[in-house]
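Residue numbers (my numbering): 28 to 210.
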C-alpha cells in the first residue's frame with residue numbers, strides 16, 4: 028500500500044512542475060493562482076484508492092494535501108524554489124530537485140506527467156505536441172499528450188473542468204473538482 032500511495036502522490040506532484048511558456052491557448056482567462064478542492068480516485072492494475080485533494084497553485088509554489096475520505100492527512104506535497112518535498116505520516120520526508128527525480132527515487136522510475144497542472148485547467152501543456160478534440164461548446168472533450176489521454180466529462184458554469192479522467196496503460200486518475208478559488 029505504501030508504494031501505491033507514493034505512486035498516487037507522485038503522479039500529482041509531477042504535475043506541479045513549473046509551467047513552460049508557449050503560445051496562448053484559446054481558453055477563458057483565469058487567475059494564475061488558484062486552489063482546487065475536490066476528490067480523487069486512482070486505479071492501477073493491482074489497487075485502487077480514493078480520497079480528497081486540496082491543491083494550491085502559484086507560479087513559484089504548489090502545495091497539495093491529500094486526505095482519506097474521512098479527512099485524515101495522507102500526504103503533503105510542496106514544490107518551491109528548493110525542489111519538491113513529500114511528507115507522509117510515519118515516514119521520513121523525501122526531497123528532490125524536481126518531480127521527475129522524486130518519482131524516480133520513490134518508485135524506481137519517472138512519471139512524465141508535468142502537464143497535469145495545465146490539464147486540470149482544461150489546457151494542453153504548452154510547448155509540447157498535443158492532439159485535442161473539442162465538444163460542441165468549444166471546450167476540450169479529449170486531450171492526448173505525453174502518452175496520456177485526458178477525458179473531460181463535465182465543466183463548471185465558468186468553464187473550468189469539474190470532472191476529468193487522466194489515463195494511460197495501467198493507471199487511471201479520476202478527479203472531481205468540487206470548487207475552484209482564485210487566489
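Ideal Cβ positions, reconstructed from N, Cα and C, are used throughout, including at glycine.
Write down every uninterrupted run of the beta strand (DSSP E) in the segment 52-123 whose length is 3 residues or greater and which is fully enclosed by it, in chain order. Qualifying beta strand (DSSP E) stretches, in chain order: 61-71, 75-84, 89-94, 100-107, 110-114 and 121-123.
Taking all protein chains shown into account, do 16 or more other C-beta atoms lie within 10 angstroms of the C-beta of residue 185, making it buried, or fewer, making it exposed? For the purposes of this step, residue 185 is taken as residue 158 along the chain shown, with counting starting at 1. That one is exposed.
So is residue 188 buried or exposed if we call it buried at 16+ other beta carbons inside 10 Å? If you number the chain shown from 1, residue 188 lands on position 161. Flag for residue 188 reads buried.
List the DSSP bridge partners of residue 162. Indexing the chain shown from 1 puts residue 162 at position 135. DSSP, once it has assigned bridges, lists no residue as partnering residue 162.
Do residue 124 and the ligand ZN come close, with the Cβ less than 7 Å from some heavy atom? Although the ligand ZN was asked about, the structure shown includes no ligands whatsoever.
Using the rule of at least 16 other Cβ atoms within 10 Å of the residue's Cβ for burial, across every protein chain shown, is residue 79 buried or exposed? Numbered from 1 along the chain shown, position 52 holds the residue referred to as residue 79. Its Cβ being crowded by 16 or more others within 10 Å, residue 79 is buried.
Distance, Cα to Cα, residue 59 vs residue 148? The sequence position of residue 59 within the chain shown is 32, counting from 1. The sequence position of residue 148 within the chain shown is 121, counting from 1. Going from the Cα of residue 59 to the Cα of residue 148 covers about 11 Å.
Pull up the distance between the alpha-carbon of residue 90 and that of residue 160, whole angstroms please. Start at 1 with the first residue of the chain shown, and residue 90 comes out as number 63. Start at 1 with the first residue of the chain shown, and residue 160 comes out as number 133. If I take the Cα positions, the gap works out to 30 Å.
In three-state terms, what does DSSP make of residue 132? The residue you call residue 132 lines up with position 105 of the chain shown. In the structure shown, residue 132 sits in a helix (DSSP, three-state: H, G or I).
Straight-line Cα distance separating residue 118 from residue 207: To locate residue 207, count along the chain shown from 1; it is residue 180. To locate residue 118, count along the chain shown from 1; it is residue 91. Answer to the nearest angstrom: the Cα atoms are 31 Å apart.
Classification of residue 97 by the beta-carbon crowding that lies within 10 angstroms, buried from 16 upward: In the chain shown, residue 97 corresponds to position 70, counting from 1. With fewer than 16 other Cβ atoms within 10 Å, it is exposed.
Expressed to the nearest angstrom, what Euclidean distance is found between the alpha-carbon atoms of residue 48 and residue 86? Counting from one through the chain shown, the residue named residue 48 turns up at place 21. Counting from one through the chain shown, the residue named residue 86 turns up at place 59. Summary for residue 48: the model assigns pLDDT 36, below 50, so the residue's position carries little reliability, and this model does not support an answer.
Tell me the rounded alpha-carbon separation between residue 154 and residue 171. Here residue 154 refers to the residue found at position 127 when the chain shown is read from its first residue. Here residue 171 refers to the residue found at position 144 when the chain shown is read from its first residue. C-alpha separation (whole angstroms): 14 Å.
Grab the span of the beta strand (DSSP E) containing residue 203 for me, first residue to last. Your numbering for residue 203 matches position 176 in the chain shown. Segment 198-209, the beta strand (DSSP E) holding residue 203.
Following the continuous alpha helix (DSSP H) through residue 144, name the residue where it begins and the one where it ends. Locating residue 144 in the chain shown gives position 117, counting from the first residue. Going by DSSP, residue 144 is part of the alpha helix (DSSP H) stretching over 143-146.
Would residue 203 and residue 83 be called neighbours here (beta carbons separated by less than 8 Å)? Here residue 203 corresponds to residue number 176 of the chain shown, with the count starting at 1. Here residue 83 corresponds to residue number 56 of the chain shown, with the count starting at 1. No, these two residues do not count as a Cβ contact at 8 Å.
So the candidates are 108, 190, 72 and 61; which of them puts its Cα closest to the Cα of residue 196? As a first step, residue 196 must be located in the chain shown, where it is residue number 169. It is 72.
Can residue 198 and residue 180 be called in contact, C-beta distance under 8 Å? Here residue 198 corresponds to residue number 171 of the chain shown, with the count starting at 1. Here residue 180 corresponds to residue number 153 of the chain shown, with the count starting at 1. No, the Cβ-Cβ distance between residue 198 and residue 180 is not below 8 Å.
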